[in-house]
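Numbering (my numbering), first residue to last: 6 to 341.
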């Protein structure tokens with residue numbers, strides 16, 4: 006079973022494209038249809054040829070039974086030359102398995118139970134494929150025949166060589182037509198799949214452009230098929246990304262604006278403290294007051310950072326307006 010595992014590993018290593026999978030699926034479906042229709046046509050033709058041959062042999066047996074009833078020993082004067090020209094043979098099978106052949110006929114059919122049953126029961130008819138002594142296949146038909154000397158089965162056989170030749174030619178023609186049909190299907194499937202996947206390639210190219218350039222421009226859509234729905238869904242994602250990028254930029258701008266004031270105040274106070282170390286320009290108590298301002302500004306800076314973090318997390322949450330005392334906002338701004 007090692008070959009089975011090797012085949013499985015080989016198949017797993019194959020990664021066909023979508024176009025190749027579509028072409029393969031179409032070719033497999035058409036191949037199955039071609040095989041089924043060709044096999045059905047071949048079997049129907051074979052059955053029709055055999056049925057026609059059985060009817061012809063039955064008619065020949067009916068015509069031959071007249072001369073045989075008057076000349077049983079001489080087999081009704083049947084000419085072996087005519088039999089050879091018609092590729093046929095005629096024999097009589099008695100109910101006790103005694104066989105009478107046409108004098109001079111070189112063909113010797115092998116009689117079976119079907120012919121004996123017709124001879125003994127004297128009703129119905131049988132048709133089957135049999136062989137002669139050298140193994141050539143014959144179509145054999147047996148019909149009841151009665152004479153003063155006993156009960157017989159009149160057996161008429163015809164060689165199946167011409168029929169098999171016709172069937173072989175039909176098989177070759179069906180095979181060639183089937184292979185041609187599979188080839189045409191493969192080419193047609195390749196072109197159709199290539200044309201059908203062209204919009205997918207355009208969409209993939211547009212997505213690659215957006216990925217490489219970060220240009221969130223929507224992709225043009227046309228039509229109302231599944232690919233258009235996919236493009237619209239992708240455009241919706243682009244709109245969401247563009248909106249998120251805009252909110253991010255706005256948040257960065259707001260953060261810079263909000264943090265500029267406390268940073269400027271702290272820088273001013275720190276510069277005063279540095280200048281005071283060398284010049285002692287501040288009155289008594291001013292240094293402590295400045296340090297208190299720096300601590301308050303650091304606390305304000307920390308609160309601003311916390312508010313900005315919460316604001317960035319709540320971008321997609323619904324907002325709820327609340328009343329604000331504008332006078333208090335102005336006082337806080339002046340105090341800063």
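The beta carbon of each residue, even a glycine, is placed where N, CA and C say it ideally should be.
Three-state secondary structure (DSSP) of residue i
i           : result
residue 164 : strand
residue 196 : helix
residue 146 : strand
Residue i burial status per 10 Å Cβ neighbour count (16 or more: buried)
i           : result
residue 194 : buried
residue 140 : exposed
residue 134 : exposed
residue 302 : buried
residue 285 : exposed
residue 66  : buried
residue 71  : exposed
residue 267 : buried
residue 80  : buried
residue 229 : exposed
residue 113 : exposed
residue 83  : buried
residue 198 : buried
residue 119 : buried
residue 236 : buried
residue 196 : exposed
residue 261 : exposed
residue 93  : buried
residue 188 : exposed
residue 162 : buried
residue 272 : exposed
residue 95  : buried
residue 44  : exposed
residue 68  : exposed
residue 144 : buried
residue 181 : exposed
residue 222 : exposed
Residue range of the unbroken beta strand (DSSP E) whose run includes residue i
i           : result
residue 136 : 131-136
Same chain, Cβ closer than 8 Å to residue i, five either side skipped, listed in chain order
i           : result
residue 86  : none
residue 202 : 23, 24, 27
residue 77  : 97, 105, 152, 154
residue 232 : 204, 205, 208
residue 102 : 116, 121
Beta-carbon proximity list for residue i, same chain, < 6 Å, skipping 5 on both sides
i           : result
residue 132 : 59, 146
residue 39  : 183, 186
residue 211 : 224
residue 263 : 309
residue 313 : 260
residue 283 : none
residue 156 : 100, 124, 127
Delimiting residues of the alpha helix (DSSP H) encompassing residue i
i           : result
residue 153 : Here residue 153 belongs to no alpha helix (DSSP H), and DSSP marks it neither H nor E.
residue 127 : Premise fails: residue 127 is in no alpha helix (DSSP H) and is neither H nor E.
7 Å Cβ shell around residue i - same chain, five flanking residues per side excluded
i           : result
residue 149 : 123, 127, 128, 158
residue 136 : 115, 142, 143
residue 74  : 152
residue 175 : 47, 50
Residue i Cβ short of 7 Å to the ligand MN heavy atom set
i           : result
residue 301 : Ligands are entirely absent from the displayed structure, and the ligand MN is therefore not among its contents.
Cβ of residue i within 8 Å of any chain B Cβ
i           : result
residue 183 : Given the protein chain composition of this structure (a single chain), no chain B is represented.
| query | Can you list, in chain order, the stretches of the alpha helix (DSSP H) that have 4 or more residues and sit fully within the stretch 69-106? | reply | Listed in chain order, the complete alpha helix (DSSP H) runs (minimum 4 residues) inside the stretch 69-106 are 85-90.
| request: Report the residue ranges of all beta strand (DSSP E) runs contained in full by the stretch 173-256; include only those spanning at least 3 residues, in chain order. | output: As far as the stretch 173-256 is concerned, it has no whole beta strand (DSSP E) run of at least 3 residues.
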